[in-house]
Amino acid sequence: MATPSLPSPDPLPQEQRFLDALDQDRWPATGHGGDLDEAALTPQALVELFESQLMSRHLDFQARRLQARGEGFYTIGSAGHEGNAAIARALRPTDPAFLHYRDAAFLIERSRQRPGQTPLRDLLLSFAASRDDPISGGRHKVLGSRTLNVPPQTSTIASHLPKAVGAAHSLGLWRRLGGGGEWPADSLVLCSFGDASFNHSTAQGALNAAGWAAYQGAPLPLVMVCEDNGIGISTPTPSGWIEASMGTRPGFHYLACDGLDLIDTWRTAREAAHIARHRKQPVFLHMRCVRLFGHAGSDAQQAYLSPSRIAADEARDPLLYGAGLLRRHGVLSRDEIASRYRRIGEEVARFAEEAIRRPKLVSAAEVMASIVPPSRPGRRLADPVEVESAPLPGTMAKLLNQALQRLMASYPHLVMAGEDIGRKGGVYGVTQRLQARFGPHRVIDTLLDEQSILGLGIGLAHNGLVPLLEIQFLAYLHNAEDQLRGEAATLSFFSNGQFTNPLVVRIAGLGYQKGFGGHFHNDNAIAVLRDIPGLLVACPSNAADAVGLLQEAVRLADEAQRVVVIIEPIALYHTRDLLEEGDDGWCFPDPGPTHCLPVGELGQWGEGVDLAIITYGNGVYLARQAAAEIDPAGQRLRIVDLRWLTPIDHDAVHRAVAGCRRVLVVDECRRSGSPSEELITGLVERGMASERLARLNAEDSFIPLGPAATVTLPSRARIIERARELLAGA
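Residue numbering for the sequence shown follows the working numbering, starting at 1161 and increasing by one per position.
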């Protein structure tokens, strides 16, 4: 038989190897799969699985050809991993799947389960970064589909594992709540990743969280697929490492399959799906496979792999084994395999030529259009729920607790989670009695892992819940912030608004604590939050504003699908007095269930025009103390409270201070990367002379323990000193 014609005149070596095997009709065998009837796999199903593998492989070939022509932009491919098509066939299209970037065959095979899908055309539009790409709108090469319940992942170096655990937990939670959510109640969640990603701390945290929950009997219908090709870019995975690590891990069922053998993979995946779906227990499915080509288009594996190793890997091509299964079981003839190979290659080439001619994103506005997700109808109960509240003005902690009770009663799909928030009621008592009233399934005491807390919330939000998470201290966020940056805030952007994961994160932070010190509990670094596109960040200065910001944050998550962070100043949680002991000057009445402070709305105290102080959080409290000394009549100063730190409404800020002779920005965050940099820039850009402006910041320093805990921060005395200097020149 002659070698069949190719859609390209220059076959890649991997293509030629398959064609040579086809010409000789000689195929390797695995010895794992067994009989089709025994595996309950029909001959037609085997043909379709093989075709999905062929489609995925031809897409990899075409990606490299497009890149060589300057028409394609991402070549990290699936070659060698195509056995995951059999895993897709073992699941339902309603089972949410968080996919590894080498899972094109999975997506293609799943598309067979929904009529009208065009996976080849869709993926090529993504390769070409076309605006018509149906999942990301040309923003990234991602595997995803709203119809197929595949939320897009970008780089997926394990960052998607924590949210997969959260999504699996959401299925049981919805059953406790009486039904609802995005997926059927008997769904399972699939999450796939590589053997190198397995070693990432995020992956280990997610596996630990899943095992921890399952060990205690929590229902967790989850299949974690490790696609083990034995190498991470250039670093080998030790032989036997994955099995040794997971074979007897508490809380998990460990199953293994040969990813080169479609029958073995199908049979094992069905077993995994049965355990997860019917026993509600997590499964670790270890699929051994091979990586063909290098890691990505620019990676030349000849630099770190020997010729013999490369040849051995290429001899393990799953397409060779798939064709061998078809021949040994008498399903397809050699000519029929050749015909399918040629037809699919020509089809992919034709779609590629169409894709590169489709329009691209051309403006910043087009690129940014999906950062802010689309809104949906709110799900708050029609009548706001009142709770018993203190008759007298209260502290921030007290009023937040009352607001949380109202919100939990008014939003039946609101779920709280965090360290020690349940039985203990939080380190500062803000969540007291909530678990007793709403149950441990809605007020969840988590394990001590911020990545798992944030991932849990993102996964819950994927399934229609609104998570209200607590990070115990701001410093605890930094080892987990990629869950916000790389996952929560990017989902709408990379899915063109088709997927959202709204959530509210309460973080106790900033400085000035008297009873708890050191930089790990006093942290005034928020640049990492202000740097994330689409993320909203609020910071209240008083109890009434704390209620208004929290209630608006939950509304924004529920209706506008936003991700909102509220930084709650620890030092103000229980502060009662403003000027002297017993004056209750920093206690406020509860503003009630309808009080919301919209994004960008400023607070203001005083109407003076000699000096405006722009500040937030503890700075408002300190500025009020300073004003009582330098302007007791309240005729020279005004204090502008930002409330929202992202996005800052710079036009509103300018209007608030434009008539003032001098402006002082008091910023309790570090001088470098602080809101004051943005504020000064915004005022200068709007025509305010720089000599009218000044700022008082915290030093670029960590916060120490003991008597020196506040020396690097703005203080009442320093505000008075700086304000008097500016007033003298007004």
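Glycine included, every Cβ here is placed at the ideal spot set by N, Cα and C.
Within the DSSP bridge table, the entry for Gly1554 names Phe1748 as partners.
With distances taken between CA atoms, Ile1667 lies nearest to Leu1637 out of Leu1337, Thr1425, Ala1687, Leu1637. When beta bridges are read from the DSSP output, Val1383 appears opposite Leu1350, Val1443.
For Glu1610, the enclosing alpha helix (DSSP H) has its first and last residue at 1610-1622.
Closest option to Gly1585, judged by alpha-carbon separation, among Met1568, Val1603, Ala1648: Val1603. Between Leu1445 and Val1383, the beta carbon gap of about 6 Å places them in contact (Cβ cut-off 8 Å). Take Gln1565, set aside five residues on each side of it, and the residues of its chain with a beta-carbon closer than 6 Å to its own are Val1547, in chain order.
C-alpha of Asp1185 to C-alpha of Ala1621: approximately 51 Å in a straight line.
If you look at His1413, you'll find it isn't in any alpha helix (DSSP H); it sits in the beta strand (DSSP E) that goes 1413-1418.
Rounded to the nearest angstrom, the gap between the Cα atoms of Arg1451 and Glu1242 is 10 Å.
The Cβ atoms of Gln1711 and Ala1577 lie no closer than 8 Å to each other. The C-alpha of Gly1298 is placed about 53 Å away from the C-alpha of Ala1786. For the options Gly1230, Glu1231, Leu1226, Arg1274, the alpha carbon positioned closest to that of Ala1248 is the one of Arg1274. Under the three-state reduction of DSSP output, Trp1804 falls in the strand class. Remark: three or more beta-carbon pairs, one from each stretch, lie closer than 8 Å, so the segment 1762-1775 and the segment 1821-1840 are flagged as touching. Less than 8 Å divides the Cβ of Ile1618 from the Cβ of Leu1663. Measuring C-alpha to C-alpha distances from Ala1529 to each of Thr1650, Pro1312, Phe1511 identifies Thr1650 as the nearest. For Asp1282, the enclosing alpha helix (DSSP H) covers residues 1279-1287. DSSP, reduced to helix, strand and coil, places Val1547 outside both helices and strands of the structure shown, so it counts as coil. Residues Gly1745, Gln1785, Ala1788 of the same chain have their beta carbon placed closer than 7 Å to that of Leu1739, with the five preceding and five following residues left out of the count. In the DSSP annotation of this structure, the continuous segment of the beta strand (DSSP E) that includes Leu1628 starts and ends at 1626-1631.
Following the DSSP letters along the chain, one finds Glu1728 inside the beta strand (DSSP E) bounded by residues 1723-1729.
Per DSSP, the continuous alpha helix (DSSP H) segment holding Trp1334 begins and ends at 1321-1337.
For Val1603, the enclosing beta strand (DSSP E) has its first and last residue at 1603-1605. Ala1404 counts as exposed, since fewer than 16 other beta carbons sit within 10 angstroms of its beta carbon. In this chain, Glu1828 is not harboured by any alpha helix (DSSP H); it is covered by the beta strand (DSSP E) spanning 1822-1830. Here the alpha carbon of Gln1721 sits roughly 15 Å from the alpha carbon of Val1697.
Counting only residues of its own chain and dropping the five nearest sequence neighbours on each side, Arg1336 has a CB closer than 7 Å to the CB of His1601. In the DSSP annotation of this structure, the continuous segment of the beta strand (DSSP E) that includes Trp1765 starts and ends at 1763-1765. With contact defined as three or more Cβ pairs closer than 8 Å, the segment 1751-1771 and the segment 1800-1812 are in contact. Per DSSP, the continuous beta strand (DSSP E) segment holding Thr1775 begins and ends at 1771-1775. For the pair Ser1305 and Ala1704, the Cα-to-Cα distance works out to about 43 Å. Burial of Glu1828 is indicated by the presence of at least 16 other C-beta atoms within 10 angstroms of its C-beta. Under DSSP, Arg1186 shares a beta bridge with no residue. Across the structure, Pro1294 and Glu1514 are spaced so that their CA atoms are roughly 15 Å apart. Around the beta carbon of Gln1376, fewer than 16 other beta carbons sit within 10 angstroms, so the residue counts as exposed.
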